[in-house]
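All the letters of the sequence shown, read from the start, carry residue numbers 2 to 477 under my numbering. Beta carbons: idealized from backbone N, C-alpha and C, even for Gly. A quick note: this is a predicted structure, and the numbers were derived from the prediction, not measured. Below is one structure, written out as structure tokens; the observations come after it.
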Amino acid sequence: MKLSEIAQLCGATHRLNPAIAEITPTGFAIDSRTVKSGEVFVAIPGERVDGHQFVAEVLDKGALAALVVHHRLPFAKHLAPYKDRLLFVTDTAYAFQQMAQKVLAAWNRPVVAVTASAGKTTMKDLTAHVLEAATPKVFKSLGNLNTSYGLPLTVGRMISAGIQPNDFDLAVFEFGMSSYGEIKRLTEIAPPTVAIVGNVGTAHIEFFGSSKAIAEAKAEIVDGLQVNGTAILNADDPLAMEMKTRRADVRFLTFGIEEKADIRAANLNHKDLRATSFELQTPRGDVFVNLPLLGKHNVYNALAAAAAGHHFGLSAEQIAAQLQTAAPSKMRGELVQLANGATIIDDSYNSNPPALLQAVRAMAQAQGFKRRIVVAGEMLELGEQSAQMHRDCGQEFAAAGINRVIGVRGLAQELVAGALDAGLGNASFCETPEQAAETLIAELKAGDLVLVKGSRGVRTERVVERLTAEFGRKAG
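This is how it looks when you write it as structure tokens:
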């Protein structure tokens, strides 16, 4: 899409150079540090930093144009040379969102929206992978671009770098939130025809106070579902199932393991670290699945994806074939085999108590390892209950048979204390992921299985990076 057309979608005024107006951007960016040549920079006013301060810098670096608010620009003489590359609006965030909303409205194809307190990125990726059996032209969010800024960035990929919306038949988007109204806004930008609620847990409980309140915020995805759409709910999650009462004009599909559901998994086998096998039961038949992901929590992710596949008409066999060729999302359960004979489960992207305990239980069931070591970073945004939640997790580690625990940063001290109180004697605390890595380097042996997990702000991926640099990856 030409820059002039994008300006129109944003409702922008401009004095674009006619030659520049005819160019198709290579993409969009809201972070001045990551802007690439040919992209449109959207200057977002933040709490600490205003993107307008960097407009001249990003245009010098090769950005095609910038979406700006006139009165926020540090308008000095040095900006005069860029006047033919500026798109003026009254609110850059809103204009960017309106652009995305108009693109999707004109496209008018099915949108699958995924939300969950834990595992939503893996759930989104699995859903997109399964739906590729219905059409190879599936568009999806990259990584976890799941906010009111991330969704327009995602949609921007549909209209840049020579890509057009009509290149795709359906879209799978991830919807995240940390306050009321955020998911509502996302459903306004991208009204879903299918909405998946994977689970309701304790992520962001600091901002809500209770899981019940979190469920109310997540239910906005059902409220925003298109009439005659389909809501896919976790039958084993009572708070998710309460959302069935919110709409009488949509269809509900359920998935689960413990409770009766439309899409179920039975006879789970977690013994192999590289895969979890189960029987997939659907209204169109039952089939064996060997899912190349670890743990019961990933079976739930697979069931959500299977329910979406069922909605779009796939057979049980088609769904199983797709699930069996899935791969873990980056830093979300990736296996790293070290040359010294140890194995790392890199789940370092993020953490919260339910997700941490699911990963620990999964590694505890895997066979063929001598020691099980957990490197657990502090879990953020848990509010007043944070210390107790960390301590409870440490106690659960002991009950699961974990041999060694290293807590990293802040309230991970409470996690270590909980493990020690429960009789897990080999538990210690490190202030930084770098310290944790050096501690492990001194004691890591062949046959060890190491889970690395922590909140995004703790940067526990540095533990994985340091161990990989020290020992190297196993060949093959």
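query	result
Bridge partners - residue 233, DSSP secondary structure assignment	197 and 254
Cβ shell of residue 138 (< 8 Å), same chain only, five flanking positions each side left out	168, 169, 170 and 171
Span of the beta strand (DSSP E) around residue 114	112 to 116
For residue 308 and residue 256, believed in contact at Cβ under 8 Å, the rounded distance	5 Å
Validate contact between the region 199 to 214 and the region 271 to 291 using beta carbons, cut 8 Å, 3 pairs	no
Whole-number beta carbon distance between residue 173 and residue 115, since they are thought to touch under 8 Å	7 Å
Residue 79 classed as buried or exposed, judged by whether at least 16 other C-beta atoms fall within 10 angstroms	exposed
N- and C-terminal bounds of the beta strand (DSSP E) containing residue 288	286 to 292
Contact under 9 Å by Cβ, residue 229 with residue 252	yes
Contacts around residue 140, its chain only, beta-carbon distance under 6 Å, and the 5 residues preceding and following it disregarded	169 and 172
Neighbourhood of residue 403 by C-beta, 6 Å cutoff - its chain only, sequence neighbours within 5 removed	373 and 375
Same chain, Cβ closer than 6 Å to residue 288, five either side skipped, listed in chain order	281, 317, 318 and 321
For residue 25, three-class secondary structure by DSSP	coil
Cβ separation of residue 123 and residue 353, assumed to be a contact under 8 Å, to the nearest whole Å	Contact flag wrong, Cβ pair sits at about 14 Å.
Residues that DSSP places opposite residue 429 in a beta bridge	407
DSSP bridge partner residues for residue 373 (one or two, in chain order)	450
Per DSSP, cross-strand counterpart(s) of residue 82	Beta-bridge pairing links residue 82 to no other residue.
Alpha carbon of residue 192 to alpha carbon of residue 225, nearest angstrom	6 Å
Whether residue 95 touches residue 56 by CB criterion (9 Å)	no
Residue span of the alpha helix (DSSP H) that contains residue 333, given as start and end	From DSSP, residue 333 is part of no alpha helix (DSSP H); its letter is neither H nor E.
Nonlocal neighbours in the same chain, by C-beta distance under 6 Å from residue 188, ignoring five residues either side	225
Cβ separation of residue 445 and residue 341, assumed to be a contact under 8 Å, to the nearest whole Å	7 Å
CA nearest to the CA of residue 111, picked from 461, 67, 166 and 209	166
Beta-bridge pairing of residue 319 - partner residues as DSSP gives them	Its beta-bridge partners do not exist; DSSP assigns none.
Limits of the beta strand (DSSP E) - the one that residue 141 falls within	139 to 141
The region 57 to 67 / the region 151 to 166 touching (three or more Cβ pairs under 8 Å)	no
For residue 284 and residue 263, believed in contact at Cβ under 8 Å, the rounded distance	6 Å
Rounded straight-line distance, which links the Cα of residue 150 to that of residue 377	30 Å
Local conformation of residue 457 per DSSP, three classes	helix
Sequence-distant residues of its chain with Cβ nearer than 6 Å to residue 108 (five each side left out)	166
Extent of the continuous beta strand (DSSP E) run through residue 169	Unbroken run through residue 169: none, as it is neither H nor E.
Residue 481: first and last residue of the uninterrupted beta strand (DSSP E) it sits in	Beyond the ends of the chain as shown, which are 2 and 477, falls residue 481; an answer cannot be given.
Start and end residues, alpha helix (DSSP H) containing residue 155	151 to 157
Buried versus exposed, by CB contacts within 10 Å (16 or more), residue 395	buried
Cβ separation of residue 244 and residue 220, assumed to be a contact under 8 Å, to the nearest whole Å	5 Å
Test item: CB-CB of residue 179 and residue 351 under 9 Å	no
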